[in-house]
Amino acid sequence: MATMSTQTPAPVTLAVANQKGGVAKTTSVASIGAALAELGHRVLLVDLDPQACLTFSLGIDPEDLETSVHHVLTQGVDPTEVIIETEDGVDLLPATIELARAEADLLTRTGREHVIKGALEQLADDLADTEEGAYDWVLLDCPPSLGVLTVAALTAADGVLVPLQCETLSHRGVGQLLDTVHDVRRFTNRGLEVWGVLPTLYDGRTNHARTVLETISETYDLEVVEPPIPKTIKFAEAPAAGRSILATSRTNKGAQAYREVAGNLVERASRPRKKAKKPARAKK
Numbered sequence: 001m002a003t004m005s006t007q008t009p010a011p012v013t014l015a016v017a018n019q020k021g022g023v024a025k026t027t028s029v030a031s032i033g034a035a036l037a038e039l040g041h042r043v044l045l046v047d048l049d050p051q052a053c054l055t056f057s058l059g060i061d062p063e064d065l066e067t068s069v070h071h072v073l074t075q076g077v078d079p080t081e082v083i084i085e086t087e088d089g090v091d092l093l094p095a096t097i098e099l100a101r102a103e104a105d106l107l108t109r110t111g112r113e114h115v116i117k118g119a120l121e122q123l124a125d126d127l128a129d130t131e132e133g134a135y136d137w138v139l140l141d142c143p144p145s146l147g148v149l150t151v152a153a154l155t156a157a158d159g160v161l162v163p164l165q166c167e168t169l170s171h172r173g174v175g176q177l178l179d180t181v182h183d184v185r186r187f188t189n190r191g192l193e194v195w196g197v198l199p200t201l202y203d204g205r206t207n208h209a210r211t212v213l214e215t216i217s218e219t220y221d222l223e224v225v226e227p228p229i230p231k232t233i234k235f236a237e238a239p240a241a242g243r244s245i246l247a248t249s250r251t252n253k254g255a256q257a258y259r260e261v262a263g264n265l266v267e268r269a270s271r272p273r274k275k276a277k278k279p280a281r282a283k284k
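Residue numbers (the UniProt record's numbering): 1 to 284.
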């Protein structure tokens, strides 16, 4: 008689990447993570930026930490020894400035593209038999570059989400990111999918913002993850409180937009996986 498999489902691992700074990437990771937690999902956020903005924005001073994701990736420290619970209902694998050395430390290492994937697989194995169980979602906050850590994050991910400020200049470089995604698909992660662009810092009162939003999909042949995230001062105020905007301004239009985005990402995760294809580059 056949027995039913009790294998724990693998988490959905989503890399949030854009090598351009100032596009609300870290805000998106923190807010989407908190929104997924509100929906009942068990969420891990991974801070891969040496500036440690995600860590700080969730109420943790990087200077007070003795271990961080740097030690996990370069010294083989068990992730369970480093993960911190936060007040937003998500767990965090924090960063410190030491992570700036990781690029150099990993450059000469064989299989460096797989260090994040290996750490997450180890973590899933460690948690499989615990009361809490494995995570449902892992969100990777990539550094603002296309270096070793971003490539390793893309290698570990099921999908990549690209926050994109609704201004013309922020389009520059997206083609480079898509080229990197293409290379990762060829060499280290054939199953990587581009989930789309997330319009951020959107001011619907301006014709320019509306025009940029309308042309994003056509320019990059990518899905636009709705709704666009509106520009609001509440996003700047939240990190000072060490919480996401979902905690500091629960009814704010920005918080509500991220809740809708999280719901749409859950729906996106349930779709059948497509056969990998070459990601589109920006049209000339």
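The beta-carbon is built from N, C-alpha and C at its ideal position, and this holds for glycine as well. Bear in mind the structure is a predicted one, so any value in this text is a computation, not a measurement.
Next item on the list: May I have a chain-ordered list of the alpha helix (DSSP H) segments no shorter than 4 residues that lie completely inside the region 226-261?
Entry: 234-241, 245-248
Notebook entry, point to check: Can you tell which of 262, 208, 153 has the C-alpha that lies nearest to the C-alpha of residue 181?
Noted result: 153
Next item on the list: Please classify residue 84: does DSSP put it in a helix, a strand, or coil?
Entry: strand
Notebook entry, point to check: At what residues does the alpha helix (DSSP H) containing residue 29 begin and finish?
Noted result: 25-38
Checklist line | Counted within 10 angstroms of its Cβ, other Cβ atoms place residue 187 as buried (16 or more) or exposed | finding: exposed
Next item on the list: Measure the CB-CB distance between residue 88 and residue 34 and report whether it falls below 8 Å.
Entry: yes
Checklist line | Pair within 8 Å by beta-carbon distance, residue 47 and residue 9 | finding: no
Check: In whole angstroms, what separates the C-alpha of residue 269 from that of residue 12?
Finding: 7 Å
Item checked: Contacting residues, own chain, Cβ-Cβ under 7 Å from residue 244 (five flanking each side not counted) -> 30, 31, 34, 88, 238
Check: Just the Cα atoms here: how many angstroms apart are residue 200 and residue 49?
Finding: 19 Å
Check: For residue 91, which residues does DSSP report across the bridge?
Finding: 44, 85
Note to self: Please report the straight-line C-alpha distance between residue 215 and residue 221, rounded to a whole angstrom.
What the structure shows: 10 Å
Notebook entry, point to check: Is there contact here, the region 16-23 with the region 131-150, by at least three beta-carbon pairs under 8 Å?
Noted result: yes
Next item on the list: Would you identify the three-state DSSP class for residue 13, choosing helix, strand or coil?
Entry: strand
Checklist line | Three-state class that DSSP yields for residue 199 in the structure shown | finding: strand
Check: For the alpha helix (DSSP H) that residue 213 lies in, which residues bound it at each end?
Finding: 207-220
Margin query: Can you tell me which residues form a DSSP beta bridge with residue 159?
Written below: 14, 193
Next item on the list: State the beta-bridge partners of residue 165 as determined by DSSP.
Entry: 200
Notebook entry, point to check: Do you know how far the Cα of residue 58 is from the Cα of residue 92?
Noted result: 9 Å
Margin query: My output table needs one value for residue 285: the three-state DSSP class, helix, strand or coil.
Written below: This structure does not reach residue 285, given that the chain is present from 1 up to 284, and the question cannot be answered.
Next item on the list: Enumerate in chain order the residues of its own chain whose CB-to-CB distance from residue 264 is below 8 Å, with the five nearest sequence positions on each side excluded.
Entry: 225, 226
Margin query: Pairs of beta-carbons, one from the region 104-117 and one from the region 52-68, closer than 8 Å: are there three or more?
Written below: no
Notebook entry, point to check: First and last residue of the alpha helix (DSSP H) that includes residue 141?
Noted result: Note, residue 141: premise wrong, no alpha helix (DSSP H); beta strand (DSSP E) at 137-141.
Checklist line | Cα-Cα separation, residue 20 to residue 228 | finding: 18 Å
Next item on the list: Output the distance between the C-alpha atoms of residue 256 and residue 108, rounded to the nearest integer angstrom.
Entry: 44 Å
Check: To the nearest whole angstrom, what separates the beta carbons of residue 137 and residue 73, a pair I think is in contact under 8 Å?
Finding: Going by Cβ atoms, the distance from residue 137 to residue 73 rounds to 20 Å, so no, they are not a contact pair.
Notebook entry, point to check: Whose CA, out of 250, 119, 223, 71, lies closest to the CA of residue 44?
Noted result: 119
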